[in-house]
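In our numbering, the protein residues as written are 381 to 492. Heads up, the beta-carbon is just placed ideally off N, CA and C, and yes, glycines get one too. Comments concern the structure below.
Now the structure itself:
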């Protein structure tokens, strides 16, 4: 079993802000997922999601890259927490190796 995965990317914390690559670091372990944002010392965020607090992890499809949306039960944390990565497959594989389940999103539909 994989014990740790660290990756730089971007994130949306809504409400609370957003940061592009490389200003957010994801630290994943079998016990928790932690997101740390630091944009040149001006903007700082740190959110920790214990395994019991994570309701689900869902693939998020973006225009440039894909990511994960962490649905959680933490009241003091932004409702929308998305981590964007340039290598979704590697992130998914690492999280699944730690026992997390990633729900696939439905593809975008254009038109009626």
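Original post:
alpha helix (DSSP H) containing residue 469: first to last residue?
Top reply: For the purposes of this step, residue 469 is taken as residue 89 along the chain shown, with counting starting at 1. Start and end: 468 to 477.
**OP:** Run the CB neighbour count on residue 443, radius 10 Å, all protein chains shown included, and call it buried at 16 or more, exposed below.
**Re:** By one-based count along the chain shown, residue 443 stands at place 63. It counts as exposed.
Original post:
Can you list, in chain order, the residues of its chain whose CB lies under 6 Å from that of residue 394, leaving out five sequence neighbours each side?
Top reply: In the chain shown, counting from the first residue as 1, residue 394 sits at position 14. So the qualifying residues of the chain are 458, 460.
**OP:** Measure from the alpha carbon of residue 455 to the alpha carbon of each residue in 428, 419, 472, then state which is nearest.
**Re:** Indexing the chain shown from 1 puts residue 455 at position 75. The shortest Cα separation from residue 455 among 428, 419, 472 belongs to 428.
**OP:** Put residue 433 into one of helix, strand or coil per three-state DSSP.
**Re:** Translated into positions along the chain shown, residue 433 becomes position 53. It is helical.
Original post:
Out of 423, 400, 420, which has the shortest C-alpha to C-alpha gap to residue 447?
Top reply: Counting from one through the chain shown, the residue named residue 447 turns up at place 67. With distances taken between Cα atoms, residue 447 lies closest to 400.
**OP:** Look up residue 480 in the DSSP assignment and say whether it is helix, strand or coil.
**Re:** One-based indexing of the chain shown puts residue 480 at position 100. Three-state DSSP puts residue 480 in coil, outside helix and strand.
Subject >> Cβ-based burial, residue 432 [other Cβ within 10 Å; buried from 16] >> reply: If you number the chain shown from 1, residue 432 lands on position 52. That one is exposed.
Original post:
Looking at residue 437 and residue 407, is the spacing between their C-beta atoms short of 9 Å?
Top reply: In the chain shown, residue 407 corresponds to position 27, counting from 1. In the chain shown, residue 437 corresponds to position 57, counting from 1. Not closer than 9 Å, so no.
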